[in-house]
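Letter by letter, the sequence shown follows residues 1 to 261 in full-length UniProt numbering. The C-beta atom is built at its ideal place from N, Cα and C for all residues, glycine as well. Here the structure is a predicted model, which is why all the values come from computation and not from measurement. Okay, structure first, notes after.
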Amino acid sequence: MNSRSAARLQWLQDTLRAEGMLPIAEAAQRCQVSEMTIRRDIAASQDTIVSLGGRLLLAEHPQVATGYDFAAQQDSFAQAKQRMCDEAARMVEADDTIFVDCGTTLIPLFARLDPNMPLTVVTYALNVANAIEQMALPHVRLVLLGGLYYPVSQSFGGEELVTAIRRLGINKAFISAAGVHVDKGVSCFHFHEVVPKQVALETAVQRILIADESKLDLVRPAFFADLETFDVMLTSGAAGEALRDTLVARPGHAWPTLQVL
1 MNSRSAARLQ WLQDTLRAEG MLPIAEAAQR CQVSEMTIRR DIAASQDTIV
51 SLGGRLLLAE HPQVATGYDF AAQQDSFAQA KQRMCDEAAR MVEADDTIFV
101 DCGTTLIPLF ARLDPNMPLT VVTYALNVAN AIEQMALPHV RLVLLGGLYY
151 PVSQSFGGEE LVTAIRRLGI NKAFISAAGV HVDKGVSCFH FHEVVPKQVA
201 LETAVQRILI ADESKLDLVR PAFFADLETF DVMLTSGAAG EALRDTLVAR
251 PGHAWPTLQV L
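Given below as structure tokens:
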């Protein structure tokens with residue numbers, strides 16, 4: 001292994017420890033080499049880095065062994081997620097029908113809702129449905145949208161979700177993301193999530209993006225919306241403050257109202 005390959009491997013290991021996973025195409029772009037070069041580097045990494053579904057992960061990452069580790073994701077920026085869900089809960093009103101996206105970001109929301117508030121929750125995520133069941137909220141009506149099940153994100157996908165969502169009157173859509181970029185838009189890791197996210201955004205009266213600071217200035221494989229699509233964005237940290245400065249410096253766009261929590 002030459003010195004340049006060794007330096008790239010060290011950078012990849014450090015980046016994966018910080019970010020969790022990285023698309024091969026993005027790794028190649030950031031290293032200013034070809035994807036084939038990155039694959040050769042990985043082959044020489046003595047199995048410390050693996051490629052899974054076009055993404056790079058450390059061999060110790062839970063997804064390498066078990067798919068998608070929700071407990072590990074829940075621990076990631078947990079306090080920021082709790083603060084954002086505190087604010088999201090204040091947006092929910094009695095008799096709302098809300099769409100709640102998949103992933104772990106929005107799970108703390110349900111512990112913050114008024115248990116006596118009548119509410120309809122629409123979701124395509126099994127972990128969201130399980131969280132509502134565990135909370136035993138007596139006045140919440142749950143609509144779990146089915147289809148083909150994807151264990152990697154504990155969610156469902158398929159064209160039948162489109163018809164089901166469009167039949168519903170959704171007051172507020174709470175959407176999570178794995179990447180938020182001013183120019184490249186809002187994205188996620190899994191392509192089966194794109195359609196339900198987009199249809200919920202088309203249907204909802206108010207569209208709220210919730211993404212902690214670790215998701216900012218990143219582009220993930222599956223694009224699903226421009227940042228201007230959203231009415232409100234909740235985020236956190238110094239990266240959130242930097243994003244707010246960027247939006248202020250670029251007037252003339254219908255940017256969402258940004259709250260840094």
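From residue i to residue j, what does the alpha carbon distance come to, in whole angstroms?
{"i": "residue 105", "j": "residue 81", "result": "6 angstroms"}
{"i": "residue 190", "j": "residue 56", "result": "14 angstroms"}
{"i": "residue 165", "j": "residue 196", "result": "8 angstroms"}
{"i": "residue 40", "j": "residue 27", "result": "13 angstroms"}
{"i": "residue 208", "j": "residue 35", "result": "35 angstroms"}
{"i": "residue 108", "j": "residue 238", "result": "22 angstroms"}
On a CA-only basis, which of the options is nearest residue i? Give me that one, please.
{"i": "residue 143", "options": "149, 161, 154", "result": "161"}
{"i": "residue 94", "options": "220, 251, 172", "result": "172"}
{"i": "residue 219", "options": "254, 187, 158", "result": "187"}
{"i": "residue 213", "options": "250, 234, 37", "result": "234"}
{"i": "residue 31", "options": "49, 11, 17, 156", "result": "11"}
{"i": "residue 148", "options": "157, 141, 211", "result": "157"}
{"i": "residue 167", "options": "216, 58, 99, 136", "result": "99"}
{"i": "residue 125", "options": "140, 139, 154, 110", "result": "154"}
{"i": "residue 20", "options": "6, 215, 111", "result": "215"}
{"i": "residue 262", "options": "236, 211, 14", "result": "Lying outside 1 to 261, the shown extent of the chain, residue 262 is not represented and no answer is given."}
{"i": "residue 18", "options": "37, 177, 58", "result": "58"}
{"i": "residue 117", "options": "8, 9, 192, 97", "result": "97"}
{"i": "residue 198", "options": "159, 241, 217, 130", "result": "159"}
Is residue i buried or exposed, if buried means 16 or more other CB atoms sit within 10 Å of its CB?
{"i": "residue 252", "result": "exposed"}
{"i": "residue 68", "result": "Because residue 68 sits at a pLDDT of 43, beneath the cut-off of 50, its placement in the model cannot be relied upon, and the following sentence gives the value as read from the coordinates. Residue 68 comes out buried."}
{"i": "residue 90", "result": "exposed"}
{"i": "residue 245", "result": "exposed"}
{"i": "residue 3", "result": "exposed"}
{"i": "residue 135", "result": "exposed"}
{"i": "residue 127", "result": "buried"}
{"i": "residue 133", "result": "exposed"}
Measure how close the beta-carbons of residue i and residue j come, nearest whole angstrom, since I'm counting them as under 8 angstroms.
{"i": "residue 123", "j": "residue 145", "result": "7 angstroms"}
{"i": "residue 170", "j": "residue 203", "result": "5 angstroms"}
{"i": "residue 230", "j": "residue 185", "result": "With a Cβ gap of about 11 angstroms, residue 230 and residue 185 do not count as contacting."}
{"i": "residue 286", "j": "residue 261", "result": "Past the boundaries of the shown model lies residue 286; the chain is included only from 1 to 261, so the question cannot be answered."}
{"i": "residue 225", "j": "residue 201", "result": "6 angstroms"}
Within 7 angstroms: the Cβ of residue i and any heavy atom of the ligand HEM?
{"i": "residue 251", "result": "Annotation note on the ligand HEM: not contained in the displayed structure, which lists no ligands."}
Item to check | Runs of alpha helix (DSSP H) wholly within the segment 180 to 251 (minimum 4 residues, chain order) | outcome: As far as the segment 180 to 251 is concerned, its whole alpha helix (DSSP H) runs of at least 4 residues are 194 to 203, 237 to 248.
Item to check | Every unbroken beta strand (DSSP E) inside the segment 136 to 182 [3 residues or more] | outcome: The beta strand (DSSP E) runs of length 3 or more contained entirely in the segment 136 to 182 are, from start to end of the chain, 140 to 144, 148 to 150, 155 to 157, 172 to 176, 179 to 181.
Item to check | Complete beta strand (DSSP E) runs within the segment 81 to 106 (minimum length 3 residues, chain order) | outcome: 97 to 100, all fully within the segment 81 to 106.
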